[in-house]
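For reference, the structure is listed below as structure tokens.
There are 4 protein chains.
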Amino acid sequence: MVRVGVIGATGYAGAELVRILSGHPKAKITLITSRQYAGMRFDEIYPSMRGLIDLTCEELATEHMFKRADIFFLSLPHKIPMEIAPVLINKGKKVIDLSADFRFRDPAAYETHYQKHTAKDLLEKAVYGLCEVYHESIKKADLVGNPGCYPTSALLPLMPLLKAGLIDRHNIIVDSKSGVSGAGRSLSLSSHFCEVNESFKAYKVASHRHNPEIEEILSYETGKKIKITFVPHLVPMTRGMLTTIYASPEKKVTPGDIGGCLSSFYSGRPFVRICDGNSLPDTMHVKGTNYCDIGFRMDKRTKRLILISAIDNLVKGASGQAVQNMNIMMGFDETAGLAQVPYPL
Amino acid sequence: MVRVGVIGATGYAGAELVRILSGHPKAKITLITSRQYAGMRFDEIYPSMRGLIDLTCEELATEHMFKRADIFFLSLPHKIPMEIAPVLINKGKKVIDLSADFRFRDPAAYETHYQKHTAKDLLEKAVYGLCEVYHESIKKADLVGNPGCYPTSALLPLMPLLKAGLIDRHNIIVDSKSGVSGAGRSLSLSSHFCEVNESFKAYKVASHRHNPEIEEILSYETGKKIKITFVPHLVPMTRGMLTTIYASPEKKVTPGDIGGCLSSFYSGRPFVRICDGNSLPDTMHVKGTNYCDIGFRMDKRTKRLILISAIDNLVKGASGQAVQNMNIMMGFDETAGLAQVPYPL
Amino acid sequence: MVRVGVIGATGYAGAELVRILSGHPKAKITLITSRQYAGMRFDEIYPSMRGLIDLTCEELATEHMFKRADIFFLSLPHKIPMEIAPVLINKGKKVIDLSADFRFRDPAAYETHYQKHTAKDLLEKAVYGLCEVYHESIKKADLVGNPGCYPTSALLPLMPLLKAGLIDRHNIIVDSKSGVSGAGRSLSLSSHFCEVNESFKAYKVASHRHNPEIEEILSYETGKKIKITFVPHLVPMTRGMLTTIYASPEKKVTPGDIGGCLSSFYSGRPFVRICDGNSLPDTMHVKGTNYCDIGFRMDKRTKRLILISAIDNLVKGASGQAVQNMNIMMGFDETAGLAQVPYPL
Amino acid sequence: MVRVGVIGATGYAGAELVRILSGHPKAKITLITSRQYAGMRFDEIYPSMRGLIDLTCEELATEHMFKRADIFFLSLPHKIPMEIAPVLINKGKKVIDLSADFRFRDPAAYETHYQKHTAKDLLEKAVYGLCEVYHESIKKADLVGNPGCYPTSALLPLMPLLKAGLIDRHNIIVDSKSGVSGAGRSLSLSSHFCEVNESFKAYKVASHRHNPEIEEILSYETGKKIKITFVPHLVPMTRGMLTTIYASPEKKVTPGDIGGCLSSFYSGRPFVRICDGNSLPDTMHVKGTNYCDIGFRMDKRTKRLILISAIDNLVKGASGQAVQNMNIMMGFDETAGLAQVPYPL
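Okay, structure coming up:
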């Protein structure tokens with residue numbers, strides 16, 4: 002059993018990590034921390050876990066804690082992981098960071114959209130944890146920057162088609178819709194029940210920090226500068242993310258080509274499901290799962306390709322993919338702990 | 002007081018008509034019909050109306066009823082209005098039809114997407130009731146085809162910019178999100194609570210019947226063939242529609258040009274509000290109102306214009322616009338009955 | 002036109018006051034204040050009001066403001082109204098306070114459940130603003146303590162039956178369920194979207210501060226000490242309150258007696274609707290209205306009376322009743338500004 | 002591995018059975034049926050299951066199917082199980098029926114509230130599947146009548162206290178609140194999204210068919226006739242049931258007595274969690290689990306005991322308890338397949 006520490010266990014992504022890891026056949030949580038709830042039992046904060054999870058939150062104390070786990074999940078606000086990760090890596094630990102701190106290859110890009118980067122040397126070692134794409138690098142990685150939820154939902158449908166040259170890289174629009182849990186457990190008027198319920202809106206239009214994250218990966222993988230238009234929206238529901246992507250297929254590309262490319266790229270990848278012609282992704286179909294469902298339609302009249310992906314923002318968009326990364330890093334079955342059958346509704 | 006008949010008063014759009022008309026200073030409902038609830042009081046079906054609305058549903062009997070009202074709202078499934086409207090028009094009545102039966106100038110377009118049209122001669126007389134655009138024709142109309150909810154939300158932001166030549170007509174994408182009331186009161190699994198709640202999905206991707214409706218109007222008004230890519234989505238909430246439109250501004254077009262064009266086009270139009278630079282439309286801000294809020298952002302990096310509109314699908318998207326049409330047809334103040342202050346939440 | 006000041010206009014009850022008063026035929030809002038948003042336009046905080054409400058929030062400055070209105074609504078946290086009301090009353094103004102500060106006749110009861118009362122002399126002058134019961138006193142009042150939402154929903158069904166001696170005063174249980182807007186606009190984890198959505202729970206079981214408020218009024222009106230068991234619950238919806246009351250009918254009391262008593266007590270009262278035998282209250286039927294709907298069933302097998310009431314917690318449970326109080330105090334038609342037809346859904 | 006047949010697999014309870022059983026370490030689903038979807042793959046109806054559940058719905062044909070499973074779950078409308086169960090029992094199969102057909106000892110009670118009973122002889126053999134109470138009988142049972150959701154939520158808190166004589170059996174009120182999934186997947190206006198969303202109401206007040214079910218069990222177990230007042234309500238959410246019970250403690254009974262009695266009765270029972278003094282049940286804390294959480298408060302002022310229970314209506318209220326019954330019948334660990342850690346939100 003690998004010993005696992007969850008640093009920042011009481012936010013939504015942290016709690017989801019605890020849920021998933023507690024059912025993992027080869028991992029055991031040996032340590033959880035929480036700034037706000039140090040000293041409290043985890044099941045006092047999440048009473049659904051009573052009788053199932055027997056853990057108590059501790060204050061973070063990296064220097065003394067590192068011995069108690071082999072691998073650390075950092076589920077913390079941006080900036081703190083830059084301070085903690087170097088210590089853990091130096092001690093020979095493996096680290097999966099759910100913040101943006103280790104997602105960018107280019108520190109300048111990070112610094113433009115976040116803040117000064119204080120662990121630039123680690124950026125080279127860090128691997129972007131989009132499992133279906135960086136599988137081989139993740140195997141050898143000690144430090145993984147776990148992708149953002151929006152980037153996961155956009156990159157998985159786009160990557161195969163761009164790499165295969167089936168769509169025009171100059172004309173990509175990503176229209177995403179996210180459940181409210183993506184905004185986390187910190188209080189804000191924009192997550193206040195009566196402000197969100199029975200409401201739908203766009204936010205951070207063309208200025209969300211996941212926009213450069215998507216672009217860096219697409220550009221790197223295709224070797225060409227790719228810019229996308231990205232607009233996120235907020236859906237009055239707890240979990241789920243649906244992303245509708247508009248692209249221009251290259252000449253003579255058929256729906257069969259698109260379907261074939263996606264199916265072939267994700268052949269053997271356990272967590273991507275390509276929808277057949279009769280169905281389309283729905284966030285309800287991925288709730289609680291680590292799946293990314295991908296469907297598409299070709300609008301012949303306008304020669305446009307519409308790609309639709311659905312993920313659970315807290316699972317494949319955060320904690321599930323983080324555990325998938327651990328599985329790959331540790332040489333476990335990639336689906337270990339992630340094959341739970343979801344609630345049908 | 003003009004005497005008003007609401008034909009099909011117990012569906013959601015019909016009930017909304019009853020609500021709005023009952024507060025109208027110059028109109029009086031003299032007749033309501035319902036196939037399903039004939040003989041029942043309206044407030045038995047909508048008990049919120051008890052003490053406020055004193056009306057009883059009748060069976061539809063056009064030949065005998067025409068005398069009892071001066072203007073008729075038809076809130077019925079497609080196909081039936083084609084049969085009723087000619088009778089009413091022949092009797093000198095004014096008709097506002099909320100179905101698609103009189104929205105198309107081109108009967109072939111209607112027949113492609115709906116069914117055989119049985120009152121083609123009336124199509125010429127019918128005016129498309131997009132009030133802010135067809136104001137002058139509506140004044141003189143006897144028969145108005147009230148626009149669909151999606152077309153209203155797409156046409157209002159697009160029309161001024163296309164007419165002014167500020168955006169490329171070949172590259173328009175309309176990504177719409179609608180509350181569930183748009184699907185009406187008829188039972189179906191797709192409106193069953195547990196199938197919709199906590200779910201977000203696209204449907205009828207690039208194949209919704211409002212797609213040709215939008216295109217016909219845009220093409221007619223610009224004198225050029227315009228095709229758009231249109232994808233509707235379903236939001237787990239009762240009311241509201243947000244439409245995100247992606248367009249390519251022509252060279253040298255600035256945000257100021259866009260804002261100026263919109264503001265100028267809708268100057269003096271009481272039901273279009275252009276958002277300033279700090280705010281963006283939210284369906285909550287138009288709930289229960291006849292407003293269409295329009296905002297935009299220019300994504301300089303990708304040279305793309307993002308237009309966002311919000312309407313209440315049952316008001317500006319259906320019954321409110323229908324009453325606005327009546328106001329224009331009858332020479333009333335355009336806002337009569339429609340200036341109610343909405344619930345703040 | 003009476004000039005009205007809304008002190009604390011940007012909380013949910015305050016905003017609802019602004020909505021209702023702005024449609025009032027005999028009142029004009031001349032002043033709104035907000036601690037948090039002083040200097041901002043009201044429609045910046047509630048953008049749905051753009052084009053409809055032209056008001057700017059001011060800092061509260063009682064000493065300088067009193068001249069600008071004839072009647073003041075205080076929609077503030079408990080304790081502040083005790084400081085402001087005396088000043089306004091001294092200046093000859095009328096005051097309707099939506100907090101608990103002037104709801105109790107007995108200062109000791111207030112002090113037990115809230116804090117030290119600093120304006121005890123005013124308690125004698127203050128009238129409890131349950132309009133259907135204290136109509137005559139309200140007419141002459143300068144200071145009204147507007148009832149809490151739970152007390153309104155409990156007192157209206159219970160009062161007639163207790164006064165008529167039809168139910169046992171020793172055996173009353175009040176099980177209430179409230180929408181989330183009752184918790185206000187202040188941030189707290191208990192109103193955070195993901196903590197409330199898809200959740201139902203009781204809170205402050207038998208320890209809510211509305212419990213003594215209900216008891217004081219019932220005891221005073223019947224001349225006998227009445228204690229009730231009161232349990233509030235939180236419903237994942239924005240507006241609405243349903244209260245289910247369990248009582249023991251006195252011997253030989255029939256359903257006809259109950260119905261007759263309720264109908265007769267509320268005969269001529271415009272905002273109480275007694276449901277007939279076929280229907281029962283539903284919060285949806287009162288949303289946005291000032292109605293209290295009351296229904297009942299007699300469980301013959303257990304000789305128990307089940308009373309059910311529904312109100313909109315923000316209207317009859319707060320701001321609507323406050324305006325109704327103003328109407329009575331000023332000699333206006335009791336329904337002025339409150340007869341708006343609600344949204345059917 | 003025991004071979005399991007799920008008869009009626011595509012309703013909500015049926016789908017939940019498939020979910021739970023598919024993760025069961027000692028059971029294998031060998032057969033699923035569906036009237037409506039015969040011939041279709043299960044994951045076409047519940048696409049979330051794609052890649053996880055490989056089953057195809059068949060037409061029900063009891064005579065030919067019995068050989069294919071050792072134990073059958075019947076998740077069908079009332080009346081059909083009475084026809085099927087005798088055939089299966091005759092063939093030596095074990096049957097767990099989720100309808101009301103085998104819940105009543107007294108056929109007259111069943112016939113009063115449902116219809117003529119056509120398999121009365123089996124009623125004697127049938128065991129009421131409230132696992133925590135009938136554990137010993139269930140061990141030996143071939144036919145289990147799985148309890149209704151409301152009865153489960155009411156009986157678990159009441160049973161220990163009534164058996165111990167701590168509360169007055171003449172004065173029990175059960176106020177229950179259920180999520181919408183309890184109404185099933187069949188279409189009806191009362192489950193139509195816009196009719197339920199943002200609405201809260203009572204229904205079948207003192208006339209719900211679960212009322213006599215609760216009473217029969219309580220009366221049988223205490224040996225005394227017990228009648229309760231029962232009022233169910235509908236909550237605008239998918240899953241969850243909260244039941245608030247009002248009872249009168251016998252003289253000198255202390256909170257400690259109540260807590261002690263509950264804790265002792267459920268000592269060693271894995272699926273009942275007694276809340277300590279600081280917490281109370283919330284449906285969110287049991288969502289997706291087979292737990293029944295029970296909390297209580299004593300209202301000293303009114304000498305009343307308030308018991309609160311929370312279950313997931315589809316799990317402990319239906320399919321989870323059914324699997325728990327199977328575990329007991331087959332001698333498996335009682336928690337087998339039911340120990341999944343739930344989503345934290």
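Chains as they are written, first to last, in my numbering: chain R, 2 to 346; chain L, 2 to 346; chain D, 2 to 346; chain X, 2 to 346.
All C-beta atoms in this analysis are idealised placements derived from N, C-alpha and C, irrespective of residue type, glycine included.
All values reported here derive from a predicted model rather than from experimental measurement.
If you check the CB distance, residue 185/R and residue 13/R come in under 8 Å. Residues of chain X with a Cβ closer than 7 Å to the Cβ of residue 206/D are, in chain order, 281, 298 and 307.
In the three-state reduction of the DSSP assignment, residue 59/R falls in the strand class.
Here residue 293/L is bridged, per DSSP, to 273/L and 312/L.
Here residue 238/R carries a coil assignment [DSSP, helix/strand/coil].
Following the DSSP letters along the chain, one finds residue 176/X inside the beta strand (DSSP E) bounded by residues 174-179. Among the residues of the region 183-208 of chain D, those with a Cβ less than 7 Å away from any Cβ of chain X are 195, 199, 200, 201, 202, 203, 206 and 207, in the order of the chain.
Neighbours of residue 237/L in chain R, taken as residues at a C-beta separation under 9 Å, are given in chain order as 236, 237 and 238.
What residue 13/D touches in chain R, judged by beta-carbon distance under 9 Å, is 195, going in chain order. Between residue 25/L and residue 329/L, the C-beta spacing is not below 8 Å. Under DSSP, residue 193/D shares a beta bridge with 193/R. The region 154-169 of chain D and the region 153-160 of chain R do not touch, with fewer than three beta-carbon pairs separated by less than 8 Å. Around residue 176/D, the beta-carbon contacts reaching into chain X at under 7 Å are 176 and 245.
Put simply, the CB of residue 53/X is near chain R, with a gap under 8 Å to one of its CB atoms.
Taking a beta-carbon distance threshold of 8 Å, residue 159/L does not count as an interface residue toward chain R. From the listed residues 33/L, 123/L and 339/L, the smallest Cα separation to residue 320/L is found for 339/L.
Looking at the backbone, the Cα of residue 234/D and that of residue 258/D are separated by about 30 Å. Uninterrupted beta strand (DSSP E) stretches at least 3 residues long and entirely within the region 77-143 of chain X occur at 95-98, given in chain order. Listed in chain order, the non-local C-beta contacts of residue 41/X below 8 Å within the same chain comprise 35, 57 and 58, local neighbours out to five positions each way being set aside. Taking a cut-off of 8 Å for Cβ pairs, the region 222-232 of chain L and the region 248-263 of chain L do not touch, as fewer than three such pairs fall below it.
Sequence-distant partners of residue 232/D (beyond 5 residues in either direction) whose C-beta falls short of 6 Å from its own C-beta, in its chain, are 176, 203 and 206. Non-local C-beta neighbours of residue 108/X in its own chain, meaning closer than 8 Å and more than five positions away in sequence, comprise 118, 121 and 124, ordered along the chain. When secondary structure is reduced to three states using DSSP, residue 245/R falls in the strand class. Looking at the backbone, the Cα of residue 268/L and that of residue 292/D are separated by about 39 Å.
Against chain L, the CB of residue 232/R has a partner CB under 8 Å away; the residue lies at that interface. Our two residues, residue 72/D and residue 197/R, have alpha carbons roughly 34 Å apart in a direct line. With fewer than 16 other beta carbons inside 10 angstroms of its own, residue 65/D counts as exposed. Listed along the chain, the chain D residues whose CB falls inside 7 Å of the CB of residue 289/L are 344. Across the set 149/D, 93/D, 104/D and 212/D, the C-alpha of 212/D shows the shortest separation from the C-alpha of residue 300/X. At least 8 Å separates the beta-carbon of residue 331/D from that of residue 342/L. Contacts with chain R at 8 Å (Cβ-Cβ) do not include residue 19/D. With a threshold of 8 Å between beta carbons, residue 221/D makes no contact with chain L. Three or more pairs of CB atoms, one per stretch, sit closer than 8 Å, so the region 279-293 of chain D contacts the region 236-254 of chain D.
Distance from the Cα of residue 62/X is smallest, within the candidate group 33/X, 23/X and 2/X, for 33/X. Closest in C-alpha terms to residue 142/X, from the list 22/X, 111/X, 180/X and 103/X, comes 103/X.
For residue 6/R, the uninterrupted beta strand (DSSP E) segment begins and ends at 3-8.
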